[in-house]
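Residue numbering for the sequence shown follows the numbering used here, beginning at 2 and increasing consecutively.
Every residue gets a Cβ at the ideal spot worked out from N, C-alpha and C, and that includes glycine.
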Amino acid sequence: MPTKSVPAPTLVFEKSRPGRIGANLPECDTPEVDLGAVLGRTRSTLDLPEISELDALRHFTNLSHVNYGIETGFYPLGSCTMKYNPKINEKTAGLPGFAATHPMQPWQSVPGNMEILHRVQEILKEITGFRAITLQPVAGAHGEMTCLMIVKAYHESRGEGEQRSIVLVPDSAHGTNPASAARCGYTVRSISTDAYGNTDLAVLAKTLLEVGNQVAALMLTNPSTLGLFEPNIQAICRMVHEVGGQVFCDGANMNAMVGTTRPGDHGFDCMHLNLHKTFSTPHGGGGPGCGAIGLQAHLEPFMPGPVVRKDEAGTIVLDEDRPQSIGRVSSYLGQFLMEVRAYTYLMAYGREKMADISKYSVLNANYVRARLKDVLPPAHDRPCMHECILTAEKYKRENGIRALDISKRLIDYGFHPPTNYFPLIVPECLMIEPTETEAKETLDAFCDALIAICGEAATNPDILHEAPHTQIVGRLDETKAVKDLDVRWRKPAAV
Ligand SMILES: Cc1ncc(COP(=O)(O)O)c(C=O)c1O
Numbered sequence: 002m003p004t005k006s007v008p009a010p011t012l013v014f015e016k017s018r019p020g021r022i023g024a025n026l027p028e029c030d031t032p033e034v035d036l037g038a039v040l041g042r043t044r045s046t047l048d049l050p051e052i053s054e055l056d057a058l059r060h061f062t063n064l065s066h067v068n069y070g071i072e073t074g075f076y077p078l079g080s081c082t083m084k085y086n087p088k089i090n091e092k093t094a095g096l097p098g099f100a101a102t103h104p105m106q107p108w109q110s111v112p113g114n115m116e117i118l119h120r121v122q123e124i125l126k127e128i129t130g131f132r133a134i135t136l137q138p139v140a141g142a143h144g145e146m147t148c149l150m151i152v153k154a155y156h157e158s159r160g161e162g163e164q165r166s167i168v169l170v171p172d173s174a175h176g177t178n179p180a181s182a183a184r185c186g187y188t189v190r191s192i193s194t195d196a197y198g199n200t201d202l203a204v205l206a207k208t209l210l211e212v213g214n215q216v217a218a219l220m221l222t223n224p225s226t227l228g229l230f231e232p233n234i235q236a237i238c239r240m241v242h243e244v245g246g247q248v249f250c251d252g253a254n255m256n257a258m259v260g261t262t263r264p265g266d267h268g269f270d271c272m273h274l275n276l277h278k279t280f281s282t283p284h285g286g287g288g289p290g291c292g293a294i295g296l297q298a299h300l301e302p303f304m305p306g307p308v309v310r311k312d313e314a315g316t317i318v319l320d321e322d323r324p325q326s327i328g329r330v331s332s333y334l335g336q337f338l339m340e341v342r343a344y345t346y347l348m349a350y351g352r353e354k355m356a357d358i359s360k361y362s363v364l365n366a367n368y369v370r371a372r373l374k375d376v377l378p379p380a381h382d383r384p385c386m387h388e389c390i391l392t393a394e395k396y397k398r399e400n401g402i403r404a405l406d407i408s409k410r411l412i413d414y415g416f417h418p419p420t421n422y423f424p425l426i427v428p429e430c431l432m433i434e435p436t437e438t439e440a441k442e443t444l445d446a447f448c449d450a451l452i453a454i455c456g457e458a459a460t461n462p463d464i465l466h467e468a469p470h471t472q473i474v475g476r477l478d479e480t481k482a483v484k485d486l487d488v489r490w491r492k493p494a495a496v
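Written out as structure tokens, the structure reads:
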């Protein structure tokens, strides 16, 4: 029962002593300027800490030790992020030939970089089964939006732009899906999920009967955010195509399918990939990542330009002659160093081993699901894909314990909490994504901790309500933190 608390470190401001300085500057040999007059504030009004170099170094090094990161422990967060950023990726992305490229440099002067972009596109084509790939979008949400812009241009080219004003989005979707649709000027219509966790075909059929000729697209996440493979995917694509709509695949969960099956073969017209989730590049909080998109042949003319492609002679060129293109969606050609990182990862696996990513991520998630099923039942009782969605509903009913309490208590056991309360349609939801990179021992230790915590829920609920007990900060008032955010330090009034 871990409860030992850690003393809070002092703030750098509290360590400050008047006149102490961390830099050894030479005598000023230029005329002094009154910075206060120029900038409107001075060092004394700013109340900057005054501290020696060594004390500043120790302060920040010690702070880094109270941080939790992938290099110190297991991250069970589901959705949104892959937690594995191999060191070799950083090494290749840091090679001067790549890192020192100026974005304004003529593309003809960086053939190696162009080759990397082209190779990544080609590999992603093979992995997804799409005809064309662009690496321009810098986030998953950006990729979603780009696909919808392309869908819009496609309908406009057929004289149906005005008429097709609705985008269908399942109620389990990531929030970025309806947001992207709304951002493109579409009206969003929700499609419910059935008792098995699949898209409700009856609801979809009814909706298409009602408004089919107004539907621009259906946005479908596969595997869904419920961690489930959509078994009716081909039928769904057929239904939407029959009324003239397009089907977009939210491919943020592609790590469950890499090397095993291809969305381009399932009937989708377009998809986005999160390179920062599936292909090991760092997530950038909405960018700078890479939300590459894949397109079938009929959507290719609309893809963002300029396009990196091979000409008839086999030379890689930047094709700017794209009359139907929706135009650029990003400066330059996207986040180039993300592509270098993803390329490194793809090469590290190679074609033969690529399926290991999906096999182990699915195996690990199912292992966690099976080990926890008696204490935290899965929201849907069937094998999951790369993440398992569990519910803590019975603890709420019987002990007044919420998913949040369980997650906060996990911190005391040395683990980062999983994603909570997403997808929204699962009550007291815990979404756990181990990824393919975790060893059985790690998963066992994590499951043991959760099993112990579920035992505490019945015997000692207060310890969960007040968790975490072992950290420098205890339970935060999260509503206050969001609504009343104040991160500025102010000097306490003199006593
Ligand atoms: C299913 C799903 N769709 C879309 C996104 C959006 O990706 P990004 O955060 O890169 O915008 C995410 C992750 O956040 C996701 O998990």
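To the nearest angstrom, how far is it from the Cα of residue i to the Cα of residue j?
i, j, result
"threonine 129", "cysteine 455", "40 Å"
"cysteine 148", "isoleucine 473", "44 Å"
"valine 121", "threonine 93", "15 Å"
"threonine 226", "proline 384", "14 Å"
"leucine 319", "histidine 273", "22 Å"
"histidine 175", "phenylalanine 423", "8 Å"
"leucine 209", "valine 241", "7 Å"
"methionine 220", "glutamate 353", "31 Å"
"glycine 328", "alanine 38", "46 Å"
"arginine 372", "asparagine 114", "46 Å"
"alanine 482", "glycine 475", "13 Å"
"serine 17", "threonine 480", "32 Å"
"valine 363", "alanine 446", "19 Å"
Terminal residues of the continuous beta strand (DSSP E) containing residue i?
i, result
"proline 171", "167 to 171"
"valine 259", "Valine 259 -> no beta strand (DSSP E), and no H or E assigned at all."
Looking at residue j and residue i, is the spacing between their C-beta atoms short of 8 Å?
i, j, result
"asparagine 178", "aspartate 270", "no"
"glutamate 442", "arginine 403", "no"
"alanine 182", "valine 204", "no"
"leucine 276", "methionine 339", "yes"
"lysine 1", "proline 469", "In the structure displayed, the chain extends from 2 to 496; residue 1 sits before or after that span and is not available."
"glycine 295", "leucine 125", "yes"
"glutamine 336", "valine 139", "yes"
"leucine 444", "valine 369", "yes"
"proline 3", "tyrosine 414", "yes"
"histidine 387", "asparagine 199", "no"
"alanine 180", "alanine 218", "no"
How is residue i classed by DSSP in three states: helix, strand or coil?
i, result
"leucine 477", "coil"
"asparagine 421", "strand"
"arginine 190", "strand"
"lysine 492", "coil"
"isoleucine 412", "helix"
"leucine 300", "helix"
"cysteine 29", "coil"
"proline 379", "strand"
"leucine 334", "coil"
"leucine 149", "helix"
"isoleucine 402", "coil"
"proline 19", "coil"
"serine 359", "helix"
"glycine 70", "coil"
"aspartate 519", "What is shown of the chain runs 2 to 496, which leaves residue 519 out entirely."
"arginine 329", "coil"
"tyrosine 368", "helix"
"alanine 140", "coil"
"isoleucine 464", "helix"
"leucine 118", "helix"
"glycine 265", "helix"
"methionine 240", "helix"
Could you check where the alpha helix (DSSP H) with residue i kicks off and where it finishes?
i, result
"lysine 88", "88 to 94"
"aspartate 445", "441 to 460"
"valine 39", "36 to 40"
"tyrosine 76", "Where tyrosine 76 is concerned, there is no enclosing alpha helix (DSSP H), given that its DSSP letter is neither H nor E."
"valine 111", "It is not in any alpha helix (DSSP H) - valine 111 carries neither H nor E in the DSSP assignment."
"arginine 59", "54 to 66"
"glutamate 163", "Careful: glutamate 163 lies outside any alpha helix (DSSP H) and carries neither H nor E."
"alanine 183", "177 to 184"
"glycine 98", "97 to 100"
Pull the bridge partners of residue i from the DSSP assignment, please.
i, result
"threonine 135", "Ile294"
"methionine 339", "Beta-bridge pairing links methionine 339 to no other residue."
"aspartate 320", "Val308"
"isoleucine 390", "Met432"
"aspartate 497", "Not covered by the structure: residue 497. The range shown for the chain is 2 to 496."
"glutamine 247", "Ala218"
"threonine 200", "Thr194"
"glycine 252", "Leu274"
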